[in-house]
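**Q** Count along the sequence shown starting at 1, add 266, and that's the number in this note's numbering. Before anything else, here's the structure in question.
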Amino acid sequence: MKHIAVFASGNGTNAEKIFERFQAHDSIRVVLLLTNNPTAGVIARAARFNIPVEVFDKSILTKTDEIVKTLQSYQVDWIVLAGFMMMIPQNLIDAFPQRMVNIHPTLL
């Protein structure tokens, strides 16, 4: 079984499509939603699919390894950035080389 973590910051329409697609998949599961926005609409969308949510602030992402450790504790194989509006720090890129997909590319 492959585990996906989704990062999102906003309403979460793209994230919800990912949740729907893999909710009953034989070999892929969305195991975690991570967001830096405690009022993001994506949190309610994840709740409807019983997906755990981790809310963090910028300093946790950029100045510590806590997010990497959280992802490891969920045995995450792939990260999907679905409207996540922050730069991804190098430690996270290094922990998931060639295993990160950005479906909402933007210049930050």
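Note that CB positions come from ideal geometry on N, CA and C, so glycine has one too. The structure presented is a predicted model; accordingly, all values stated were derived computationally and were not measured.
Could you check the C-alpha separation between H269 and S275 for me, to the nearest Å?
**A** Against the sequence shown, residue 269 aligns to sequence position 3. Against the sequence shown, residue 275 aligns to sequence position 9. Cα to Cα, the separation comes out at about 20 Å.
**Q** Excluding the five sequence neighbours on either side, which residues of its own chain have a C-beta within less than 6 Å of the C-beta of A361, listed in chain order?
**A** As a working note, residue 361 is residue 95 in the sequence shown. Around A361: V334.
**Q** Go ahead and label T330 buried or exposed: buried means 16 or more other beta carbons lie within 10 angstroms of its beta carbon, across all protein chains shown.
**A** Translated into positions along the sequence shown, residue 330 becomes position 64. Exposed is the call here.
**Q** Look up A306 in the DSSP assignment and give the residues it is bridged to.
**A** Numbered from 1 along the sequence shown, position 40 holds the residue referred to as residue 306. Paired residue(s): none; A306 is not in a bridge.
**Q** The beta strand (DSSP E) with N368 in it runs from where to where?
**A** Locating residue 368 in the sequence shown gives position 102, counting from the first residue. Here the beta strand (DSSP E) through N368 covers 366–368.
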